[in-house]
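Residue numbers (full-length UniProt numbering): 1 to 407. Below you'll find the structure, written out as structure tokens, and then a few comments.
Rendered as structure tokens:
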């Protein structure tokens, strides 16, 4: 028996049970595959067709309790119906979440500084999405904003919280990234508008990479965001919030002029001998302990040159591979597969950047037309125009970098 317990049937690559079944089918370990229904095999049209094709090639029949013996007609019609079911389910979920926002409830998980309220409605159903301020955590949030507004960087704030023994939102140690987050995605303590008493929904959407099956987040345009004022959940006053955002805008502007650090040969693989934490690149040339810099929890001051470490690793690999044709062939095959994957990924990314650039350009043209024709508030339009022009420059820079890497 093969099963993928509690794993979505929407992607083949994330289902070890189905992959094991296909391997056994290739080995002719059985003649028939029996399932409850075709959607238990997969709800992805491409995967259903691929599985059926490979089972057919191995002379293995596919029979389900619902549809009987599966043929090409089932694959075409049921595959389409199952894919539409997933799309419809996602849309119903979004409508339900939006409905919660419109009555002042939280559609997702809990944010640091709040606790869930569990109440039963008159009809006996659990009321979801209600929150109240958690006094102790709210005090930490206020302290973070006050420290940041006074000039302390997120790394220093995180180190201070760790020294005080205050647990992070996930119960572990604080990182600078937990505090800093991303301004574009509106995550992190300093970007969470709920602390200002405002729920923001639909900031981002999730899509699955067709090659890896992994979920990726993408920021939605601001006009698709849904907001709701909830004064009862406000933790940070307007003045403190604005002071923090002004500083963040200044630092983001300075950071935007810096060249983004490229991924290196050993990125994500180097560990600190002192604490076992990740070592990351500083000053573009040396690896050092990130736990020491981000959390202040490691005393290891040792760093090593990127070039020196890469040379040591490559020399060791050369010694291991010398005379081993089987290992060399395996390495070459893996290398070619990764190069092909990166090329496909960059091509997809280039298309996305181009579409967003065209959309921003059209928005700029509309804003200019409003100003020239004298419609609307010129001040607010000019402010929006500056934001659009900054976004356009950022997209053009990313597209240029993407073309350079592809070339």
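By construction, the Cβ of each residue, glycine as well, lies at the ideal position given by its N, Cα and C atoms. These numbers come from a predicted model, not from an experiment.
{"Asked": "CB-CB length for residue 18 against residue 4, believed under 8 Å", "Found": "6 Å"}
{"Asked": "Reference residue 66, options 57, 317, 78 and 152, closest by Cα", "Found": "78"}
{"Asked": "Span of the beta strand (DSSP E) around residue 293", "Found": "It is not in any beta strand (DSSP E) - residue 293 instead sits in the alpha helix (DSSP H) that spans 290-294."}
{"Asked": "Residue 97 in three-state terms, based on DSSP", "Found": "helix"}
{"Asked": "Backbone CA spacing between residue 132 and residue 117 [nearest angstrom]", "Found": "7 Å"}
{"Asked": "Three-state secondary structure assigned by DSSP to residue 112", "Found": "coil"}
{"Asked": "8 Å contact criterion, which residue 464 and residue 360 should meet: CB distance rounded", "Found": "This structure does not reach residue 464, given that the chain is present from 1 up to 407, and the question cannot be answered."}
{"Asked": "Neighbour-count burial assignment, residue 95, 16 or more Cβ in a 10 Å radius", "Found": "exposed"}
{"Asked": "Candidates 147, 216, 168 and 161: closest to residue 495 by CA position", "Found": "Residue 495 lies beyond the residue range present for the chain, which begins at 1 and ends at 407; the question has no answer from this structure."}
{"Asked": "Proximity of residue 240 and residue 142 at Cβ, strictly below 9 Å", "Found": "yes"}
{"Asked": "Other residues of its chain near residue 384: CB distance less than 7 Å, five sequence neighbours each side excluded", "Found": "367"}
{"Asked": "According to DSSP, residues forming a beta bridge with residue 271", "Found": "278"}
{"Asked": "Other residues of its chain near residue 37: CB distance less than 6 Å, five sequence neighbours each side excluded", "Found": "64 and 66"}
{"Asked": "Assigned exposure category for residue 180 - 16 Cβ within 10 Å defines buried", "Found": "buried"}
{"Asked": "Bridge-paired residues (DSSP) for residue 216", "Found": "207"}
{"Asked": "Residues bridged to residue 187 [DSSP beta-bridge criterion]", "Found": "182"}
{"Asked": "For residue 198, the first and last residue of its enclosing beta strand (DSSP E)", "Found": "198-201"}
{"Asked": "Pair within 9 Å by beta-carbon distance, residue 112 and residue 153", "Found": "no"}
{"Asked": "Classification of residue 312 by the beta-carbon crowding that lies within 10 angstroms, buried from 16 upward", "Found": "exposed"}
{"Asked": "Spatially closest choice to residue 129 from 195, 297, 106 and 242, by CA coordinates", "Found": "106"}
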